[in-house]
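In UniProt numbering, the protein residues as written are 1 to 469.
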C-alpha cells in the first residue's frame, strides 16, 4: 500500500518535500494511529503530533488589508447567503465595509456591510466580532455571494485565483404530480411549493441550474450528474415533497458542427475476480479502459460518457458483490460515441385503479418481472413491472377470483405462489424509465407511470406515429 501511495504521488508530479513525509497507519473505526505498523496504536495522539510538527502554519500578512476567498456557501433564512472561507490576509470585523470581486470577472460589487461573522470550534459555528488571517470564517451581508468570489475590505479589490466551477452535464424535468394518487402522501404538492424549494436549493448548491419549463407546473433542473440530481430528489422526498421527474438527459454541445458529449473519468477499485465483469459492462456503455494496476485488488481507470453511468452504480455493486469502490469526475467534452442500448423490453402497465391482488399478480408474473406485491395500490397507466418481450403489455393486477359453484381444495388456493419482489431504488428507477414514462416521487413510495395514463390515448398516439413514419 505504501509503494502504491508513493507511485500515485509520483504520477501526480508531487515535489520532493511532499514525498519526504512521515507515513501513519490510522484506523478510523478503532480511533488509533501509529507510525510503525508492527506497533499497534492506542489513540490518535501520533496523528495530532504529526500535524503540529509537519504541517506549516498559514502564510500571509496578518496586518494587511483583509482578504478571503469564498470556498463554500451556506444559507440561513434570517441572514441569507453565508460565505465560508479561510482568511488569506488581514482581519475581518463585524460591521466593516467590504467589496466582492472575482478573478475571472472585472466587475466589483458596491461596498456592503458585513452583518455577521462566525468562526468554527470543532463542528460548531459560533458568532464572533473579529477573525484573523489563517482562520476559517463565515460571513453574511451580500445576497448573491458565490463560490470563487473574493471578499476584500472596501477600497482594496484584489481577487484571488481559483478553479472555475464546471457547468452542469445532465438535466431532468421536475413537475407537479398529476397522478390519481396526487396529494395523498406528500405535504408539499403544489407548483408554488416545488418552485420555492428548487430555487431555494440554488442558495447553497452553486453547481445546480433551475429554469422554468414549458408549462407553469414544470421546471428544468440541470446538475453535474445523475448522482447529483438523485441526492436532490431524495432530500426533497424526505422533506415531504411530492412531485414527478423525467428520465435524465445529457446536455450536448456542438463544436464546429460536431456533436460533443460530456465524458467522465471513472475510477474503480475491485477484487481481481470481478475486474472482467466491470470491464465488460463499461465497454457496453461506450467506455474505454485507460489503465489497470494492482494484484489482489485492481484499480481500473475508464473514460466513459456521462450517459453511460446512468444507473450503473447499483449494477456495479451487484457485479462486485458489494466489495467494489467507484468514483467519477468530469473529464471534458469529446465527440459523440454512439448510441447506448437503454432497454430492449417493454413495461407491464396496469389496466385499472385499485389494489393489486395475489390472484391478479399470479396471472401476470409469467409475463415479466414484477415491481409490486399484493395489496399495493395501483392506478391505470402505472408501471407494475418489466415485460419479458419488446413493447408494453397492459395487465390487470387487480383481478379478483370470482366465487363459483365449483368447490376447490385448499391446496389449490395455496398453490398461488408469487415470486419474490425487489422494489426498485431511486437510481434503478431513473435508469429504467423511458422517454414516455415518468417517476412519481412521494415520501412513502416511488412509482413509475406512463406520461399518458389512458391506454386508448397511448394506442392512438402510437398509431399516429407509425402513420407518420
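Positions of the beta carbon are idealized from the N, C-alpha and C atoms, including for glycine.
All values reported here derive from a predicted model rather than from experimental measurement.
Between the stretch 308–325 and the stretch 355–363, the count of C-beta pairs closer than 8 angstroms stays below three; the two stretches do not touch. For residue 450, the uninterrupted beta strand (DSSP E) segment begins and ends at 446–450. Residue 335 carries a strand assignment under DSSP once its states are collapsed to helix, strand and coil. Partner residues in the beta bridge of residue 437, as assigned by DSSP, are 450. In this structure, DSSP gives residue 13 a state outside helix and strand, which the three-state scheme calls coil. Apart from sequence neighbours up to five positions away, the residues of its chain that approach residue 40 with a beta-carbon distance below 8 angstroms are 32 and 34, ordered along the chain. Counted as a single uninterrupted DSSP element, the stretch harbouring residue 276 is not any beta strand (DSSP E) but the alpha helix (DSSP H) occupying residues 275–284. Burial state of residue 102 is buried, judged by a 10 Å Cβ sphere holding 16 or more other Cβ atoms. Distance from residue 262 to residue 297 at the Cβ level is roughly 29 angstroms; contact not present, criterion being Cβ atoms closer than 8 angstroms. For residue 417 against residue 393, the beta-carbon gap comes to about 22 angstroms, at or over 8 angstroms, which does not count as contact.
Residue 271 sits in a strand when the DSSP states are folded into three classes. Taken in chain order, the unbroken stretches of beta strand (DSSP E) that lie wholly in the stretch 321–382 and span 3 residues or more are 325–335, 347–350 and 368–370. Of the candidates 239, 254, 220 and 265, the residue whose Cα lies closest to the Cα of residue 245 is 220.
A Cβ-Cβ contact shorter than 7 angstroms links residue 243 with residue 194. By alpha-carbon distance to residue 105, the top candidate from 463, 148, 5 and 224 is 148.
With a contact defined as Cβ atoms closer than 8 angstroms, residue 79 and residue 71 miss out at about 19 angstroms. Around residue 162, the same chain offers 69, 103 and 148 as residues with beta carbons nearer than 7 angstroms, after the five sequence neighbours per side are excluded. When the Cα atoms are used, residue 67 and residue 130 turn out to be separated by approximately 13 angstroms. In the pairwise beta carbon analysis, the stretch 271–287 is classified as not touching the stretch 183–202: fewer than three pairs are separated by under 8 angstroms.
When 431, 380 and 401 are compared, the shortest CA-CA separation from residue 181 is found for 380. The beta carbon of residue 212 sits closer than 7 angstroms to the beta carbons of 219 from its chain, once the five residues preceding and following it are set aside; these are given in chain order. Going by beta carbons, residue 89 and residue 133 fall inside the 7 angstroms limit. Beyond the five residues adjoining it in sequence on each side, residue 46 comes within less than 7 angstroms, by CB distance, of 24, 33, 34 and 35 in the same chain, given in chain order. Membership of residue 243 in the beta strand (DSSP E) is indicated by the continuous run 243–245.
Straight-line measurement puts the Cα of residue 26 at about 46 angstroms from the Cα of residue 112.
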